[in-house]
Amino acid sequence: MQNFAYQPDTADAGTGMQEGDDFVCPNCGCEIRLVHHGDPAKMGAIEPFVCCCGTMMEKERRG
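Start counting the sequence shown at 1; every next residue gets the next number (the numbering used here).
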């Protein structure tokens with residue numbers, strides 16, 4: 001299993017995730033979209049998504 005340090009985006013340093021963000025697995029290409037972000041006050045720690053293949057998913061860069 002790969003181990004990556006998660007670095008949230010500076011645009012939303014509190015969570016690093018926003019509704020509508022897409023996350024892609026660099027290993028198998030699996031993709032998920034964050035439809036609704038939960039209440040950050042109720043989350044102990046925000047961590048990146050892990051694909052079912054075991055690889056850390058990366059936030060898709062739009063541009």
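Just so it is clear, CB atoms sit at the ideal spot from N, CA and C, and this is done for glycine as well.
Just so we're clear, the structure is a prediction, and the values are computed from it rather than from any experiment.
CA nearest to the CA of residue i, picked from the options
i, options, result
"M56", "E19, G20, I32 and Q18", "I32"
"V35", "I46, E60, Q18 and C28", "Q18"
Classification of residue i by the beta-carbon crowding that lies within 10 angstroms, buried from 16 upward
i, result
"C25", "buried"
"C52", "exposed"
"Q42", "The displayed chain sequence assigns Lys, not Gln, to residue 42. It is exposed - the Cβ of K42 has fewer than 16 other Cβ atoms within 10 Å."
Residues sharing a beta bridge with residue i, DSSP
i, result
"E31", "V24"
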